[in-house]
Amino acid sequence: VVALPSRGPLSGRHIIVTSGPTHEPIDPVRYIANRSSGQQGTAIAAELRKLGARVSFVTGPAEVPPPEGVEVIAVTTAREMRDAVEAALPADAAVMAAAVADWRVSNASAQKIKKDGSGQFPVLEFAENPDILAWISKLAKDRPHLVVGFAAETDDVLHHAQQKRQRKGCDWIVANDVSPSTGIMGGHENAVILITAEGTESWPRLEKTEVARRLAERIANKMNNPAQ
Ligand code: CTP
Ligand code: CA
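Structural data, given as structure tokens:
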């Protein structure tokens with residue numbers, strides 16, 4: 191048993207964090223997914239917990255283990271993630287760090303699809319997954335006071351992220367450039383731009399744990415001084 195703080199600037203607050211990828215089955219042995227190690231979401235959940243928050247950690251199949259002291263709700267698909275987030279409400283804040291698959295395979299097979307040597311290949315059909323961030327941001331009842339989304343982009347990062355913030359209706363967006371040349375995907379560092387109603391801030395390239403620490407601190411400040 192690990193001793194965790196019950197006091198701190200976020201004590202008494204409940205925060206939902208989504209993390210990791212979702213896996214959308216093609217058949218019982220195959221799936222489609224976004225790349226995500228789960229490192230950034232896991233680090234954020236850990237830091238929020240350190241500041242005293244009660245954290246509901248809704249995670250897809252990530253590479254890194256969940257942090258100590260949080261309630262872990264393990265899911266596989268985007269629809270399971272949305273249902274788990276809904277079940278965890280109400281919350282004071284929500285941080286959506288998951289790399290949710292945008293589409294699921296609508297003609298997924300209950301049996302393993304076999305190579306039959308005929309030269310014919312399976313044709314996958316797709317349906318759009320629920321957008322969990324947009325859905326929670328627009329809730330009429332039970333909307334968390336602070337909703338934070340992420341925007342992983344490969345070009346025009348600021349422009350795409352600002353549009354995403356508007357479109358989805360979240361309060362903050364943490365934007366980053368995930369072009370392969372940055373090495374951010376799967377690496378230990380991140381370089382983010384924080385977009386709020388007040389403007390944008392570029393943070394230096396930092397360890398993902400340090401990005402998480404600063405973000406948790408900002409969340410605590412915002413929740414304790416909502417007018418700022
Ligand atoms: N997100 C979500 N549910 C989805 C897709 C995305 O909750 N079905 C959240 C992510 O967790 C992230 C934010 O929305 O916080 C932005 O995700 P991103 O993939 O960058 O945005 P999309 O709207 O899916 O746009 P894109 O076409 O660029 O993938
Ligand atoms: Ca997406």
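full-length UniProt numbering numbers the first residue of the sequence shown as 191 and each following residue consecutively. Heads up, the beta-carbon is just placed ideally off N, CA and C, and yes, glycines get one too. Nothing here was measured: the structure is a model prediction, and the numbers come from that model.
| Item | Value |
| --- | --- |
| What is the rounded straight-line gap between the Cα of Pro257 and the Cα of Ser246? | 11 Å |
| State yes or no: is the C-beta of Asp292 nearer than 7 Å to some heavy atom of ligand 2? | yes |
| Under 7 Å Cβ to Cβ from Ala406, same chain only, skipping five residues before and after it: list those, please. | Ile234, Glu237, Leu238 and Leu241 |
| Report yes if the C-beta distance between Asp217 and Gln301 is below 8 Å; otherwise report no. | yes |
| Which whole-angstrom value is the C-beta distance of Met286 and Phe340, which I expect to be below 8 Å? | 7 Å |
| Just how far apart, CA to CA, sit Trp393 and Ser308? | 54 Å |
| Is any heavy atom of ligand 1 found at a distance shorter than 7 Å from the C-beta of residue 452? | Residue 452 is absent from the structure shown; the chain starts at 191 and stops at 418. |
| Answer yes or no: the CB of Glu342 versus the heavy atoms of ligand 1, is any distance below 7 Å? | Checking the sequence shown, residue 342 turns out to be Ala, not Glu. Checking every heavy atom of ligand 1 against the Cβ of Ala342, one is found closer than 7 Å. |
| Identify, in the order they occur along the chain, each residue of the same chain with its Cβ nearer than 8 Å to the Cβ of Arg357, setting aside the five sequence neighbours on each side. | Ala324 |
| Closer than 6 Å by C-beta to Val278: which residues in its own chain qualify, once you throw out the five before and the five after it? Chain order, please. | Rather than Val, the amino acid found at residue 278 in this sequence is Ala. So the list reads Ile206 and Ser246, once near-sequence residues are dropped. |
| If we ignore side chains and look at the alpha-carbon of each, how far apart do Ile326 and Gly198 end up? | 26 Å |
| What are the complete beta strand (DSSP E) segments, minimum 3 residues, inside the segment 303-380? | 316-318, 336-343 and 362-367 |
| Have a look at Glu315 and Pro215 and give me their C-alpha separation to the nearest angstrom. | 12 Å |
| Comparing alpha-carbon positions, which option in Ala283, Val219 and Ser299 lies nearest Ser201? | Ala283 |
| Rounded to whole angstroms, what's the CA-CA distance from Ala288 to Met413? Just pull it up for me. | 22 Å |
| Would you mind sorting Ala367 into buried or exposed? The rule is 16 or more other CB atoms within 10 Å of its CB. | The question names Ala, but residue 367 in the sequence shown is Asp. Buried, by the Cβ-count rule. |
| Taking Gly389 as part of the beta strand (DSSP E), name the residues at either end of that continuous run. | Gly389 to Ser392 |
| Assuming Val347 and Ile383 are in contact, meaning their beta carbons sit under 8 Å apart, how far apart are those beta carbons, in whole angstroms? | 7 Å |
| How big is the Cα-Cα spacing for Glu379 and Asp306? | 44 Å |
| Which one or two residues does DSSP pair with Ala223 in a beta bridge? | His213 |
| Got a sec, what are the start and stop residues for the beta strand (DSSP E) Ala283 sits in? | Ala283 to Met286 |
| Closer than 8 Å by C-beta to Arg333: which residues in its own chain qualify, once you throw out the five before and the five after it? Chain order, please. | Ile326 and Ser327 |
| Label Thr267 either buried or exposed according to how many other C-beta atoms from any shown protein chain fall within 10 Å of its C-beta, with 16 as the threshold for buried. | buried |
| What residue from Glu276, Pro251 and Gly259 has the CA that sits closest to Leu265's CA? | The question names Leu, but residue 265 is Val in the sequence shown. When only C-alpha atoms are compared, the closest one is Pro251. |
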